[in-house]
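The next block holds one structure in the form of structure tokens; read it before the comments.
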Amino acid sequence: MYKRVIYNIYTVFVILLLFTFMLPQLMDVVLNVDNTDDFTDTFYILLAMIISCCKMVGLLINRKNIEILTNILTQKPFIPLEADEIKIRQKFDKTIQINTLRYTVLVEATCACVALTSLFTDFRKGNLTYREWTPYNYTSEAIFCVIYVRQLISTTIGSMVNVACDSLICGLLLHVCCQIEILECRLKKISHGQNSLRDCVRQHDCIFKFAFMINEKFKIIIAIQFVVSTLVVCSNLYQLAKVTLSAQCFPLILYTCSMLTQILIYCWYGNEVKLKSVELVTNIFEMGWLTMKESKRQNLLIIMNRSLIPIEFSSAYILTMNLDSFVSLLKTSYSAFNLLQQMRTT
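Pasting the structure below:
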């Protein structure tokens, strides 16, 4: 019981930190910003906090759905039964762990770099790390230190929320790839009479339903991520273009890399799921299925016909998650960057 109370207190604390940091920045943009430079100074971190808040709310709303999705992977037909299937699951689990670790290191290194750079520059001058609107005077040393520390803690927690949500979604995408590979492994044993083809057809159908459920529950988060990533990359390019190369540029460069990585992993593993689902047809052709019994050929045809339409993840059914979408995002960001540059020069 006490664990639940502590968890609820922690959840409320995190939500308050995120929203009490995001709202003053939004008010600063609305009330104080009157030029392009000030706008981009606040806009990129405001967007980062907006996506953190959205992901936090999304995770809380989908808490039961996340439990359902993870439980599905421990039940038939998804649970690996034989040594080779267990080996496939372990391979994908290891990939998920390594990706999560690398992503966490990149994001938290960015936060640490921002904090250290700010301590040696902004803090000494009595400036906050990020612009924000405050309804009171914070020139008092005690109040300034509280706001300053609160900003750094909020950005760190926001980054952790991003890592948690992104790792979860991309981990689920990899589990879809894992299930397709396990299905291929089971199909290869059909000719030896070790597996029921009917069970394989059922598993293939369950994979499609599982993938659809993932997309349905997280489509809004994915859509917001695409929009935010485009705007942040554009804003950061604009900021980098207007300053000379110095130590203060390094946090912004790291932040841009983190944001690009954030959307790249969605597109990359969305693309991997699509390729895996299409490759299934090719692998069935290599089984020598034409020599099998009529009933087996019919069941294999069901799988092949279903696989002709690949599994694709989309952001609110508008933009699909693949490498083409990532390239489009970069092009859009660059176009918006050029527009900001023109506005600045005129």
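Note that UniProt numbering has the sequence shown beginning at 1, numbered continuously upward. Ideal Cβ positions, reconstructed from N, Cα and C, are used throughout, including at glycine. Given the structure is predicted, the values throughout are model-derived calculations rather than measurements.
For residue i: DSSP bridge partner residues
i: residue 320; result: 314
Three-state class that DSSP yields for residue i in the structure shown
i: residue 34; result: coil
i: residue 293; result: coil
i: residue 299; result: helix
i: residue 24; result: helix
i: residue 309; result: coil
i: residue 89; result: helix
i: residue 334; result: helix
i: residue 4; result: helix
i: residue 102; result: helix
i: residue 134; result: coil
i: residue 129; result: coil
i: residue 62; result: coil
Endpoints, alpha helix (DSSP H) assigned at residue i
i: residue 213; result: 197-242
i: residue 76; result: That residue, residue 76, is in no alpha helix (DSSP H); it is neither H nor E in DSSP.
i: residue 268; result: 249-285
i: residue 81; result: That residue, residue 81, is in no alpha helix (DSSP H); it is neither H nor E in DSSP.
i: residue 125; result: 122-125
i: residue 155; result: 141-188
Rounded Cβ spacing between residue i and residue j (contact assumed at less than 8 Å)
i: residue 286; j: residue 182; result: Wrong, their Cβ atoms sit about 17 Å apart, outside the cutoff.
i: residue 123; j: residue 148; result: 6 Å
i: residue 230; j: residue 332; result: 5 Å
i: residue 309; j: residue 201; result: Incorrect: roughly 16 Å between the Cβ atoms, too far for contact.
i: residue 253; j: residue 103; result: So it is not a contact: roughly 17 Å between Cβ atoms.
i: residue 213; j: residue 47; result: At roughly 28 Å, the Cβ-Cβ gap does not stay under 8 Å, so residue 213 and residue 47 are not in contact.
i: residue 40; j: residue 238; result: 5 Å
i: residue 277; j: residue 222; result: Actually they are not in contact, since the Cβ atoms of residue 277 and residue 222 sit about 18 Å apart, beyond 8 Å.
i: residue 132; j: residue 280; result: That belief does not hold up - the Cβ atoms of residue 132 and residue 280 are roughly 51 Å apart, past 8 Å.
Straight-line Cα distance separating residue j from residue i
i: residue 258; j: residue 4; result: 33 Å
i: residue 313; j: residue 74; result: 23 Å
i: residue 206; j: residue 93; result: 20 Å
i: residue 225; j: residue 44; result: 13 Å
i: residue 32; j: residue 15; result: 25 Å
i: residue 170; j: residue 293; result: 39 Å
i: residue 49; j: residue 306; result: 40 Å
i: residue 21; j: residue 58; result: 18 Å
i: residue 179; j: residue 300; result: 17 Å
i: residue 65; j: residue 141; result: 46 Å
i: residue 23; j: residue 274; result: 39 Å
i: residue 234; j: residue 109; result: 22 Å
i: residue 158; j: residue 177; result: 29 Å
i: residue 209; j: residue 18; result: 34 Å
i: residue 217; j: residue 172; result: 12 Å
i: residue 61; j: residue 162; result: 16 Å
i: residue 38; j: residue 29; result: 8 Å
i: residue 188; j: residue 107; result: 41 Å
i: residue 241; j: residue 36; result: 13 Å
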